[in-house]
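Using the UniProt record's numbering, the final residue of the sequence shown is 253, and nothing's skipped along the way.
Okay, so here's the structure we're looking at.
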Amino acid sequence: MSRQDPTRLPSGGALAWLRGLALIVFMYALMAAMGLLCAPAVLIAPRRAAIWSCRSYCRIVLPAARLLCGLRWEVRGEVPKGEALIACKHQSFLDIIILVRVLPAPRFVMKRSLLWAPVLGWYARNLGCVAVDRGAKGAAVRHMLKETSADGTPGQLIIYPQGTRVQPGAKAPYKVGVAALYETLETPITLAATNAGVFWGRAEIARRPGLAVVEFLDEVPPGLSRAEAMAKVEGEIEAASDRLLAEARGAAL
1 MSRQDPTRLP SGGALAWLRG LALIVFMYAL MAAMGLLCAP AVLIAPRRAA IWSCRSYCRI
61 VLPAARLLCG LRWEVRGEVP KGEALIACKH QSFLDIIILV RVLPAPRFVM KRSLLWAPVL
121 GWYARNLGCV AVDRGAKGAA VRHMLKETSA DGTPGQLIIY PQGTRVQPGA KAPYKVGVAA
181 LYETLETPIT LAATNAGVFW GRAEIARRPG LAVVEFLDEV PPGLSRAEAM AKVEGEIEAA
241 SDRLLAEARG AAL
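Below you can see the structure in the form of structure tokens.
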């Protein structure tokens, strides 16, 4: 007898799979079309046009997810508007879409291989994203610090402190990159939690109906030791994400 994964909602069967497939096809077709149509503007005003193009894409995809899959979204807490370092839980491509939709000038610390992805990579470059080689460890952290200190790109820099997508409820270590940025930039860290992976899982086609939440939490103030900062980042993000996971599962009962 199989046991249901307690971190996941029921799949919804074949209909949910078909709806999810329709959304995926729509998303990638839209990405290709908008990528080509907006390219001339990005060549003229690279970052400004890239931000507008990516946000416009998200403004279309999110209503499409609701229409096709019954997937709604919500942002809680105070959305950063000025310069900010944001450490966010990463469970799904959906949490990226929500962040791009609501932040005025987002850019991400991302794995270098994504720069070679069609359309996505070119727009990521123009957003000012910082690419790192995850396998390089110490060298990757040094490169990230050099890039963020030298380029002076304004806006909200988002880093995923676990370095990858993590399934809701699963545990993965928090890496030192966020603490290194915190020390180098001498800036607060805005924390953010999510339950997006409950509804939009990694390597899954089905999209589950419900309310996906990204919640901005309190800041980690500047001046703490690396150990203190990391403890606050991990403790508060994990506690809030677990709370949002319980909320999502409770709403589905």
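Even for Gly, the Cβ is constructed at its ideal location relative to N, Cα and C.
Counted within 10 angstroms of its Cβ, other Cβ atoms place residue i as buried (16 or more) or exposed
i	result
Ala251	exposed
Thr164	exposed
Asp133	exposed
Pro168	buried
Glu78	exposed
Met1	Caution is warranted here: a pLDDT of 34 is assigned to Met1, below 50, making its placement in the model unreliable, and no coordinate value can be reported.
Gly235	exposed
DSSP-derived helix/strand/coil call for residue i
i	result
Trp73	strand
Cys129	coil
Met1	Because Met1 carries a pLDDT of 34, less than 50, the predicted location of this residue cannot be relied on, and no value is offered for it.
Leu120	helix
Ile44	helix
Leu224	coil
Glu234	helix
Thr187	coil
Glu247	helix
Ala170	coil
Ile205	coil
Cβ neighbours of residue i in the same chain (closer than 8 Å, five flanking residues each side left out)
i	result
Leu145	Ala180, Leu181, Thr184
Arg202	Gln91, Ser92, Arg165, Gln167
Val233	Ala87, Pro161, Tyr174, Val178, Ala179, Ile189, Leu191, Val220
Bridge partner(s) assigned by DSSP for residue i
i	result
Arg107	Leu157
Val213	Glu74
Thr148	For Thr148, which the question treats as bridged, DSSP gives no partner whatsoever.
Ala196	Answer is none; Ala196 lacks a bridge partner.
Glu219	Thr190
Closest Cα partner of residue i within the set the options
i	options	result
Ala14	Leu244, Ala246, Ala196, Arg207	Arg207
Ala64	Ile51, Leu30, Ala170	Leu30
Ala171	Glu215, Ala32, Ile237	It should be noted that the sequence gives Lys, not Ala, for residue 171. Nearest of Glu215, Ala32, Ile237 to Lys171, Cα basis: Ile237.
Nonlocal neighbours in the same chain, by C-beta distance under 6 Å from residue i, ignoring five residues either side
i	result
Ile205	Trp17, Gly20, Leu21
Gln199	Note that residue 199 corresponds to Phe in the displayed sequence, not to Gln. So the qualifying residues of the chain are Leu71, Arg208, Gly210, Ala212.
Beta-carbon contacts of residue i that lie in its chain and below 7 Å, excluding the five residues immediately before and after
i	result
Leu115	Gly121, Ala124, Arg125, Ala131
Ile60	Leu30
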